[in-house]
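In the working numbering, the protein residues as written are 99 to 487. The C-beta atom is built at its ideal place from N, Cα and C for all residues, glycine as well. These figures come from a predicted structure and were not determined experimentally.
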């Protein structure tokens, strides 16, 4: 029996549009350098990276309801236009004050709509028999920008400055909107099935609770890896952000392109725990990094962990949520990554000020290990989890 196709026209268009907006967003991994040049300390940089989270999280119930009742495409288009506008507004920032906080909040709202909209639209397109594989492959459009944003940002800053970086992000955001306009219009009301119970019911569904815990832990780990490495390599002078992000995203992409079928074949959770271990090892490696090779190897380990962890959790949420509540469930899943920045950004920044980068990276690695252990105990048949995989 032939396998159901993945690379449909809608799937490819959605991936390309997500790729373009992802490059625009990933250029802002260089934002800590801009903020540092304006005289900002690490704790406030963490706060600025997390400040948009409350508004973005508050928006998620509305996004979930809108997508479950009216489809995903409208949310994507509104988010894309807002994203383009906000990227342009960074060109008006000349000091750290209320205005940069307002721009960051607007950026968070735009990313909330795009992140949730694109990933829910893609989840609707992937056959259930190839769910983890399909979502992992779609996730390449989210991982590739991490490397591209790092390397492209390095090149722009080497020959120009942050104004050129921000202007480039505007171009990629606008390209995403243009591609999104070509997405097929969905049937109104989204997927068939029982009527949605509401955002709160989806959020408190018993077999989803362990996934929310682990996604929250994972998001804090990502805050450590993706928010503060820029400052770490600038302060130590041992590598560049582009090298770290290139190794990180390159490893994740290779795993997803060549080995995306493994979780569906052997069971998602049999792959999930080794992936979390690799992420923890990568963070621990960063804590003791003294040269370029250490930073690159840490990027490889973190990328391998991210490469499997995100799509496996994503697929488990899609599998366990009611089809009619997929928008609500994925809205909450993506909201947890904003929550990770909100909680993790200032906390990790404070750890740097108290004990240095080594203490911060080791603490993040320890959190991943503890989170994985709690999830392993909680997510078992009869203990609140579905025991999938």
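Burial state of residue 158 is buried, judged by a 10 Å Cβ sphere holding 16 or more other Cβ atoms. Where residue 238 is concerned, the enclosing alpha helix (DSSP H) starts and stops at 229-257. The Cβ neighbour count for residue 169, taken over all protein chains shown within 10 Å, is at least 16; the residue is labelled buried. If you draw a straight line from the Cα of residue 240 to the Cα of residue 196, it is about 30 Å long. The DSSP-derived three-state label of residue 149 is coil. Approximately 6 Å separates the beta-carbon atoms of residue 336 and residue 393; this is inside 8 Å, confirming the contact. Residue 444 and residue 116 have their alpha carbons spaced roughly 28 Å apart. Of the residues assessed, residue 262 falls on the exposed side of the cut-off, its CB having fewer than 16 other CB atoms within 10 angstroms. When 176, 231, 268 and 200 are compared, the shortest CA-CA separation from residue 216 is found for 176.
Between the region 397-412 and the region 267-286, the count of Cβ pairs shorter than 8 Å is below three; the stretches do not touch. Taking 4 residues as the minimum length, the alpha helix (DSSP H) runs contained wholly in the region 293-334 are 297-301, 307-325 and 327-334, in order along the chain. Scanning 278, 376, 377 and 320 for the CA closest to the CA of residue 113 turns up 278. CA-CA distance, residue 463 to residue 130, rounds to 22 Å.
In chain order, 275 place their CB closer than 8 Å to the CB of residue 179, counting only its own chain and leaving out the 5 sequence neighbours on each side. The alpha-carbon separation between residue 127 and residue 422 amounts to approximately 35 Å.
Under the three-state reduction of DSSP, residue 336 is assigned to coil, being neither helix nor strand. Here residue 181 is buried. Its C-beta has 16 or more other C-beta atoms within 10 Å. Note on residue 205: 16 or more other CB atoms within 10 angstroms of its CB, so buried under the neighbour-count rule. Short of 8 Å from the beta carbon of residue 300, and not among the five residues preceding or following it, lie these beta carbons of its own chain, in chain order: 162, 294, 306, 419, 420, 423, 426, 427 and 430. Residue range 171-187 is occupied by the alpha helix (DSSP H) that includes residue 177. Assigned with DSSP and collapsed to three states, residue 224 falls in coil, not helix or strand. Going by DSSP, residue 463 is part of the alpha helix (DSSP H) stretching over 455-476.
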